[in-house]
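Engineer:
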Amino acid sequence: MKLRVTPIGNGTVIDHIPAGQALNVLKILGIDRTTEATISVLMNVTSRRSGKKDMVKVEDRELEEEEVNKISMIAPGATINIIRDCQVVEKYTVDMPDLIVGVLRCPNPSCISNTNEPIKSQLLVKSKNPVVLRCVYCEQPITEKIADYLI
Amino acid sequence: MFKKRHVLSMREFSRDEIDSVLDLAESLEPYARGGKCEALSGKILALLFFEPSTRTRLSFETAMMRLGGKTLSLGPAEGSAIAKGESLADTIRVIGAYADALVIRHPKEGSARLASQFSPVPVLNAGDGAGHHPTQTLLDLYTIRKESSLEDLKIALVGDLKYGRTVHSLAYALALYGADITLVSPPTLEMPAPIKSDLAGKGTMVRETHDLDEVIRNVDVLYVTRIQRERFPDPYEYQKVAKSYRIAPENLDGVQDGLIIMHPLPRVDEIAPEVDETGHALYFKQSFYGVPVRMALLKMLVGDRLD
Ligand SMILES: Nc1ncnc2c1ncn2[C@@H]1O[C@H](COP(=O)(O)OP(=O)(O)OP(=O)(O)O)[C@@H](O)[C@H]1O
Ligand SMILES: [Mg+2]
Ligand SMILES: [Zn+2]
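Here it is as structure tokens:
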């Protein structure tokens, strides 16, 4: 695939994001209209592997583990490429942890985890692709609109 | 074998664990009927009811007393006062230090699991909102095993299969025994699809119908649950449905001799009082069986441990 944006010198390329999820990735990274960082977003580009995909390139930033964990939830299969001095120096595929703590809230309004108890939400990963999570407390499954439940 | 520290959800029970609870319940049944037993003498069970319940609370209390132990309890009024001021986690830490085990009923789903994370002693879930009520399921299984059979069982689950938590966890447990399950409900109260596919995934035979007459002659157990008026916006619609799922003696023509009719109680209109006089009515005995089953759980969680 031809590069459609100027190469970055240092930063992170999040590649192989399922088409449609780029904006949620930006949300996870806390990137909104107030950002001063240089960001490129590619949406619905053709991918050899998977038809259409999205891509996000963030200059001068490497991601925290927690950010990568969050991305894994909405973009299983995404790859993180760390660019230093114009070169991909590290590449890995995001991987969901088996237990997600304090990242997503349970969608069940009657769940004890959505009250003022001194606990963090906990979701068990039953399946990674497609994503199927289950609340440790109320056992309700979550399969859709996962980005809506990011804390 | 039974190595659990808490009893929170039927999902956590293997068939072997269920069998070991039912075996012990069987051997404790004479003591549930009044034989002298001091197995838990000196032990205290705290009953924390943040929501009203009569049968379950009294049944736990009876179970503890029949084992020679004592109980202390928090009623719904005190419970809700505490719930306003203090987190459940703190309440559990405090009362957990007074007692050897806690029984909790709370309106929020997952509350028993939370309690288990903060409690220094075993926690038994006596109903967490629309969540779980595992001791009800265990007493249902005990009833079926004693009065019918868990092997090659043909059972019909009748009534509100959408909201009724007891039928969900019962169906789940019956799947472990390979039961042949027929779901009988009004179209608007069918069992939720994820639960059905969960059951099918366990290799259980699950059929669905709206017509009770079609199945009543072919089953060993009829498990009837209440259809709540509130589920129907139209009172006429409710009347119609309630009538078509009501069990009266005339519906019982041609059923198997050994058919047992179960109900988690309280019963309202689902089963005519005349049915009580037939040999098929098992619901009061079923309710009594809650005592030996809860005795077994208490003995396993409180009595037989060294820590
Ligand atoms: N300096 C850079 N600036 C901007 N984007 C870059 C830079 N270097 C690589 N990329 C982009 O990062 C992604 C990973 O680069 P790489 O050279 O490893 O491509 P690849 O062989 O297609 O990898 P993959 O097998 O993960 O698809 C590609 O989408 C590429 O366009
Ligand atoms: Mg590529
Ligand atoms: Zn939950």
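Protein chains in written order, with the working numbering: chain A, 1 to 151; chain B, 152 to 458. Just so it is clear, CB atoms sit at the ideal spot from N, CA and C, and this is done for glycine as well.
#1: In chain B, which residues lie with their C-beta within 8 Å of the C-beta of Ser113 of chain A?
#2: Kindly indicate the opening and closing residues of the beta strand (DSSP E) around Gly51 of chain A.
#3: Using only the alpha-carbon positions, how far apart do Val125 of chain A and Leu253 of chain B sit?
#4: Is the beta carbon of Thr79 of chain A within less than 8 Å of some heavy atom of ligand 1?
#5: Is there at least one non-hydrogen atom of ligand 4 closer than 8 Å to the beta-carbon of Ser72 of chain A?
#6: Check whether the stretch 266-284 of chain B touches the stretch 218-236 of chain B, counting contact only when three or more Cβ pairs, one atom from each stretch, lie closer than 8 Å.
#7: Answer yes or no: does any C-beta atom of chain B fall closer than 9 Å to that of Ser127 of chain A?
#8: So, with DSSP's three-state summary, where would you put Arg256 of chain B?
#9: Check the Cβ-Cβ distances between Ser171 of chain B and every residue of chain A, and say whether any is below 9 Å.
#10: Counting only the same chain and skipping the five closest in sequence on each side, list residues whose C-beta sits under 6 Å from that of Tyr293 of chain B.
#11: Taking only three categories from DSSP, how would you classify Met451 of chain B?
#12: Which chain B residues sit within Cβ distance under 8 Å of Pro76 of chain A?
#13: May I have the straight-line CA-CA distance separating Ser40 of chain A from Thr6 of chain A, to the nearest angstrom?
#14: According to DSSP, Asp331 of chain B sits in a beta bridge with which residue or residues?
#15: May I ask you to report which of helix, strand or coil DSSP gives Leu63 of chain A?
#16: To the nearest angstrom, how far is the alpha carbon of Arg206 of chain B from that of Val442 of chain B?
#17: Have a look at B:His257, B:Phe200, B:Lys187 and B:Leu312 and flag the residue whose alpha-carbon is nearest the alpha-carbon of Gly220 of chain B.
#18: May I ask you to list, following chain order, the residues of the stretch 326-356 of chain B that have a beta carbon less than 8 Å from some beta carbon of chain A?
#19: Quick one, which residues of the stretch 172-200 of chain B are near chain A if we go by CB-CB under 7 Å, in chain order?
#20: Closer than 6 Å between the C-beta and any heavy atom of ligand 3: which residues qualify, listed along the chain?
#21: With burial defined as no fewer than 16 other Cβ atoms inside 10 Å of the residue's Cβ, what is the status of Val419 of chain B: buried or exposed?
#22: Work out the CA separation of Pro258 of chain B and Gly354 of chain B for me, nearest whole Å.
#23: Hey, is the stretch 244-252 of chain B in contact with the stretch 313-325 of chain B, meaning 3+ C-beta pairs nearer than 8 Å?
#24: Flag this pair as yes or no: are the beta carbons of Val309 of chain B and Thr376 of chain B separated by less than 9 Å?
#25: Tell me Leu199 of chain B's beta-bridge partners as DSSP assigns them.
#26: Taking the Cβ atom as the reference point for each residue, do Leu334 of chain B and Arg382 of chain B lie within a distance shorter than 9 Å?
Structural biologist: Looking at the atomic coordinates:
#1: Gly261 and Leu265
#2: Gly51 to Glu59
#3: 30 Å
#4: Remark: the shortest separation between the CB of Thr79 of chain A and any heavy atom of ligand 1 falls under 8 Å.
#5: What this structure holds is ligand 1, ligand 2 and ligand 3, not ligand 4.
#6: Using a C-beta cut-off of 8 Å, the stretch 266-284 of chain B makes no contact with the stretch 218-236 of chain B, since fewer than three inter-stretch Cβ pairs fall below that distance.
#7: no
#8: The answer is strand: DSSP assigns Arg256 of chain B an E or B state.
#9: no
#10: Leu173, Ala176, Tyr440 and Val444
#11: helix
#12: Here the premise fails: no neighbours, minimum Cβ distance about 21 Å.
#13: 9 Å
#14: B:Lys305 and B:Met356
#15: Three-state DSSP puts Leu63 of chain A in coil, outside helix and strand.
#16: 10 Å
#17: B:Lys187
#18: Pro345
#19: Correct list: empty, as no residue qualifies.
#20: A:Cys106, A:Asn108, A:Cys111, A:Ser113, A:Cys135, A:Tyr137, A:Cys138, A:Gln140 and B:Gly261
#21: exposed
#22: 33 Å
#23: Between the stretch 244-252 of chain B and the stretch 313-325 of chain B, the count of Cβ pairs shorter than 8 Å is below three; the stretches do not touch.
#24: yes
#25: B:Leu225 and B:Ile255
#26: no
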